[in-house]
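Below is one structure; the comments refer to it alone.
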Amino acid sequence: MERQSEVLGGCELVWASAEVRLGGEIDSANVSLVEQRVLPLISGPVTVIDCRSVTFLDAGGVRMLARFGAAALSANTVVRVRCSPWMTITLELCGFEELPGLVLTHEEPS
Amino acid sequence: MTAQLDGLRCHHSVLVIDADDTLDKVLVPVLRRHAAGGEPVLLVVGAHTERVLRQGLGDAADRLEWGAQEQFYRQLGLAYSGFMRHLREQSAHGRRVHVFGEPGYAGERLTAYLPYEAFYNEIFPAFGSPLTCVYDQRTHPAGVIEEMRQVHSEEWTERGCLPNATYVPPGQFLNDRLRPLAPVPPHVEVDTVVCDLSELTTCRTTLGRWAAAHHLPQATLAQVLVAVNEVVTNGLGHGRTPVRVRAWRHETNLVVQADDHGGRRIPPDAGYRPPKQPRDPMGLWAARQAADILATDTSGGLTSVRMSFPHPPSVS
Chain A
1 MERQSEVLGG
11 CELVWASAEV
21 RLGGEIDSAN
31 VSLVEQRVLP
41 LISGPVTVID
51 CRSVTFLDAG
61 GVRMLARFGA
71 AALSANTVVR
81 VRCSPWMTIT
91 LELCGFEELP
101 GLVLTHEEPS
Chain B
1 MTAQLDGLRC
11 HHSVLVIDAD
21 DTLDKVLVPV
31 LRRHAAGGEP
41 VLLVVGAHTE
51 RVLRQGLGDA
61 ADRLEWGAQE
71 QFYRQLGLAY
81 SGFMRHLREQ
91 SAHGRRVHVF
101 GEPGYAGERL
111 TAYLPYEAFY
121 NEIFPAFGSP
131 LTCVYDQRTH
141 PAGVIEEMRQ
151 VHSEEWTERG
161 CLPNATYVPP
171 GQFLNDRLRP
181 LAPVPPHVEV
191 DTVVCDLSEL
201 TTCRTTLGRW
211 AAAHHLPQAT
221 LAQVLVAVNE
231 VVTNGLGHGR
241 TPVRVRAWRH
251 ETNLVVQADD
261 HGGRRIPPDA
271 GYRPPKQPRD
281 PMGLWAARQA
291 ADILATDTSG
301 GLTSVRMSFP
311 HPPSVS
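Written out as structure tokens, the structure is:
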């Protein structure tokens, strides 16, 4: 698949086959749009969502990730999410270090 | 007649230290029994209490687990969720641990910790591990110690762990102690408004610059932005615009207040129960975790949320 990109509010989405990259900020202003674009990209045996360049995630973003996990479970696929330190902070504050259906890996702060 | 409970049948108890020998008379015998019976114990107490207990226990002290007070109690909400996480993990492994905690808080932080103490009664019994909190009445105001008794369902005395007659359930306790916020100072360092969701980024940028100017470490700065973002998002979603955001430094704290024009009352217990799944409400929970102190008020047609962040962080 050809590499494509789109800017969704303060968040940049880049995708090619089985790999999705998100960067920038995800909050209530753009979370629905990001979710709407990313959900159909969860396909094939393994999808990697690279969020190492995400510089802000709110609680609504945690819900979005949970729905990615639910989609992965229902499609019987593996979704690996590479979390930026910012995402890890929000996930921890919300109390969801793990989310069903997702394999989360956490980047160390630089 | 009041029944005496043994340590492992207590749920959430308080030990009020009122004399130099209280620890020796009340706590040392309990800890000796735990050590002799091989029952798991975690003590998260201050240096003085640890010294007295170790002296009284002798070699038995080494059979107990000791946690770092400054780590467990570094922020109010994080202390609450930290104990919760620890006991949940123990429960998952079929272990019951008697936890003894001595929060090192004083003044405003101690009174702000009372609601968390109240909610331990509701949340923690599910884990099956008793929690005993230790407070020294000689170093805290009498009124705070009385309130402390109200938020613990049992109290340790020389006669054992007894049901506490002055206990008040958490919902009632929070309702009874609603207080207006102290006035915002006339001169603040940030004063901005947010009218819709598209302005959240600008608000975060403004506050991020302010917090960075105060040399907050990156992780603490992130906590400020997460907390404020959740509160402002709630104001936009559940209240009425505009949401006014003001920030200032007060003594050793950075303080941020968000006021929306909805004038609706935030339930006093909002944000004290952890979300069980991501679809549960969690904005105020996350904000309470990120901020050290979070207080709410509804007056004059405004719904206000004030968050306080230690600066420098972890100073009590």
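Note that the protein sequences, when read in sequence, are chains A and B.
All residue numbers for the first sequence refer to the UniProt record's numbering, where the first residue is 1 and numbers rise by one.
All residue numbers for the second sequence refer to the UniProt record's numbering, where the first residue is 1 and numbers rise by one.
Quick reminder that beta carbons are idealized off the backbone N, C-alpha and C, glycines included.
Validate contact between the stretch 206–225 of chain B and the stretch 43–50 of chain A using beta carbons, cut 8 Å, 3 pairs
no
Comparing the C-beta of Arg37(A) with each C-beta of chain B, is any distance below 8 Å?
For the purposes of this step, residue 37(A) is taken as residue 37 along the first sequence, with counting starting at 1. No, Arg37(A) does not count as interfacial toward chain B.
Quick one: is Asn175(B) buried, meaning 16 or more other Cβ sit within 10 Å of its Cβ, or exposed?
Against the second sequence, residue 175(B) aligns to sequence position 175. It is exposed - the Cβ of Asn175(B) has fewer than 16 other Cβ atoms within 10 Å.
Using beta carbons (cut-off 8 Å, strictly below), is Phe68(A) in contact with chain B?
Residue numbering aside, residue 68(A) sits at position 68 when the first sequence is read from its first letter. False, the Cβ-Cβ gap to chain B never drops below 8 Å.
If we call anything under 8 Å between Cβ atoms a contact, is Arg149(B) one with Glu155(B)?
Along the second sequence, one-based indexing puts residue 149(B) at 149. Along the second sequence, one-based indexing puts residue 155(B) at 155. In this structure, Glu155(B) lies closer than 8 Å to Arg149(B) by Cβ.
Tell me, to the nearest whole angstrom, how far the beta carbon of Cys94(A) is from that of Met282(B); I am working on the premise that it is less than 8 Å.
As a position in the first sequence, residue 94(A) is number 94, starting the count at 1. As a position in the second sequence, residue 282(B) is number 282, starting the count at 1. About 5 Å; that satisfies the 8 Å criterion.
Which full runs of the beta strand (DSSP E) of 3+ residues lie inside the UniProt domain "MEDS" (12–152) of chain B, going along the chain?
12–17, 41–44, 98–101, 131–136
Ser84(A) and Glu107(A) look like a contact to me (Cβ under 8 Å); what is the Cβ gap, rounded to whole Å?
Here residue 84(A) corresponds to residue number 84 of the first sequence, with the count starting at 1. Here residue 107(A) corresponds to residue number 107 of the first sequence, with the count starting at 1. Sure, about 6 Å apart at Cβ, within 8 Å.
Alpha helix (DSSP H) containing Met64(A): first to last residue?
As a first step, residue 64(A) is located in the first sequence; it is residue number 64 there, counting from the start. Counting along the chain, the unbroken alpha helix (DSSP H) around Met64(A) starts and ends at 59–75.
Looking at chain B, is there any beta carbon in it that lies within less than 8 Å of the beta carbon of Arg63(A)?
Here the question's residue 63(A) lines up with position 63 in the first sequence. With 8 Å as the cut-off, Arg63(A) counts as an interface residue toward chain B.
Assuming contact is defined by CB atoms lying nearer than 8 Å, are Leu225(B) and Asp196(B) in contact in what I supplied?
Taking the second sequence and counting its residues from 1, the one referred to as residue 225(B) is at position 225. Taking the second sequence and counting its residues from 1, the one referred to as residue 196(B) is at position 196. In this structure, Asp196(B) does not lie closer than 8 Å to Leu225(B) by Cβ.
Are there 16 or more other CB atoms within 10 angstroms of the CB of Met1(B), so buried, or fewer, so exposed?
Here the question's residue 1(B) lines up with position 1 in the second sequence. Because Met1(B) sits at a pLDDT of 39, beneath the cut-off of 50, its placement in the model cannot be relied upon, and the following sentence gives the value as read from the coordinates. By the neighbour-count rule (16 or more Cβ atoms within 10 Å), Met1(B) is not buried but exposed.
Using only the alpha-carbon positions, how far apart do Asp191(B) and Ala165(B) sit?
Along the second sequence, read from residue 1 onward, the residue named residue 191(B) stands at position 191. Along the second sequence, read from residue 1 onward, the residue named residue 165(B) stands at position 165. Looking at the two C-alpha atoms, the distance is approximately 47 Å.
Select from Thr55(A), Leu57(A), Ile89(A), Leu41(A) the residue whose C-alpha is nearest the C-alpha of Thr77(A).
As a first step, residue 77(A) must be located in the first sequence, where it is residue number 77. For Thr77(A), the nearest C-alpha among the options comes from Leu41(A).
Using the Cα positions of Val81(A) and Gly101(A), report the straight-line distance between them to the nearest angstrom.
Taking the first sequence and counting its residues from 1, one reaches residue 81(A) at position 81. Taking the first sequence and counting its residues from 1, one reaches residue 101(A) at position 101. Rounded to the nearest angstrom, the two C-alpha atoms are 10 Å apart.
Give the residues of chain A in contact with Gln218(B), contact being defined as C-beta atoms less than 9 Å apart.
Counting from 1 along the second sequence, the entry for residue 218(B) is found at position 218. The answer, in chain order, is Pro85, Pro109.
Within 8 Å, strictly: CB atoms of Asp269(B) and Gln75(B)
By one-based count along the second sequence, residue 269(B) stands at place 269. By one-based count along the second sequence, residue 75(B) stands at place 75. In this structure, Gln75(B) does not lie closer than 8 Å to Asp269(B) by Cβ.
Output the boundary residues of the alpha helix (DSSP H) element that contains Val224(B).
Against the second sequence, residue 224(B) aligns to sequence position 224. Element bounds for Val224(B): 218–238.
Beta-bridge pairing of Gln4(A) - partner residues as DSSP gives them
As a first step, residue 4(A) must be located in the first sequence, where it is residue number 4. Answer is Trp15(A), bridged to Gln4(A).
Contact set between Leu204(B) and chain A, taken where Cβ atoms lie within less than 7 Å
Within the second sequence, numbered from 1, the residue matching residue 204(B) stands at position 204. The residue you asked about is not Leu; residue 204(B) is Arg in the sequence shown. Result: Phe56.
Please name the residue in Arg264(B), Val231(B), Pro312(B), Pro274(B) whose C-alpha comes closest to that of Leu294(B).
Residue numbering aside, residue 294(B) sits at position 294 when the second sequence is read from its first letter. Here the closest residue by C-alpha is Val231(B).
Residues of chain A with CB under 8 Å from Ser81(B), in chain order?
Within the second sequence, numbered from 1, the residue matching residue 81(B) stands at position 81. For Ser81(B), the C-beta contacts it makes with chain A under 8 Å involve Gly95, in order along the chain.
So, is the C-beta of Ile89(A) closer than 8 Å to a C-beta in chain B?
Your numbering for residue 89(A) matches position 89 in the first sequence. Closer than 8 Å to some Cβ of chain B, the Cβ of Ile89(A) qualifies, so yes.
Glu25(A) versus chain B: which residues are under 9 Å apart at the beta carbon?
Within the first sequence, residue 25(A) is the residue found at index 25, counting from 1. Leu200, Thr201, Arg204, listed in chain order.
Just to check, is the beta-carbon of Gln277(B) closer than 7 Å to a non-hydrogen atom of the ligand ADP?
The ligand content of the structure shown is nil, which means the ligand ADP is not present either.
Residues, ordered as in the chain, of the stretch 164–188 of chain B that lie near chain A by beta-carbon distance below 7 Å
none
Output, in chain order, the set of chain B residues within a Cβ distance shorter than 7 Å of Ala29(A).
Here residue 29(A) refers to the residue found at position 29 of the first sequence. Result: Leu197, Ser198, Leu200.
Could you tell me whether the Cβ atoms of Asp259(B) and Thr298(B) are closer together than 8 Å?
Residue 259(B) sits at position 259 when you count from the first residue of the second sequence. Residue 298(B) sits at position 298 when you count from the first residue of the second sequence. In this structure, the beta-carbon distance from Asp259(B) to Thr298(B) does not fall below 8 Å.
So residue 355(B) and Leu87(B) are in contact, right, with Cβ under 8 Å, and what is the actual spacing, rounded?
Since the first and last residues shown for chain B are 1 and 316, residue 355(B) lies out of range.
For Pro180(B), which residues of its own chain have a beta-carbon under 7 Å away from its beta-carbon, when the five flanking residues on both sides are left out?
By 1-based counting over the second sequence, the position of residue 180(B) is 180. Closer than 7 Å at the Cβ level, and outside the excluded window around Pro180(B), lie Asp297, Ser299.
Give me whichever residues DSSP pairs with Ser308(B) in a beta bridge.
For this step, residue 308(B) is matched to residue 308 along the second sequence. Looking at the DSSP assignment, Ser308(B) forms a beta bridge with Val255(B), Ile293(B).
Pick from Pro183(B), Val243(B), Pro275(B) that is closest to His250(B), judged by C-alpha positions:
Translated into positions along the second sequence, residue 250(B) becomes position 250. The option with the nearest alpha carbon to His250(B) is Pro183(B).
Pro45(A) (DSSP reduced to helix, strand or coil)
As a first step, residue 45(A) is located in the first sequence; it is residue number 45 there, counting from the start. Here Pro45(A) sits in coil by DSSP.
State yes or no: is the beta carbon of Ala75(B) nearer than 8 Å to at least one beta carbon in chain A?
The sequence position of residue 75(B) within the second sequence is 75, counting from 1. It should be pointed out that residue 75(B) corresponds to Gln in this sequence rather than to Ala. Taking Cβ atoms only, chain A never reaches closer than 8 Å to Gln75(B), which makes this a no.
What is the DSSP secondary structure of Pro163(B), reduced to helix, strand or coil?
The sequence position of residue 163(B) within the second sequence is 163, counting from 1. Note: Pro163(B) maps to strand in three-state DSSP.
Identify whether Val34(A) lies in helix, strand or coil by the three-state DSSP scheme.
Here residue 34(A) corresponds to residue number 34 of the first sequence, with the count starting at 1. If DSSP states are grouped into helix, strand and coil, Val34(A) belongs with the helices.
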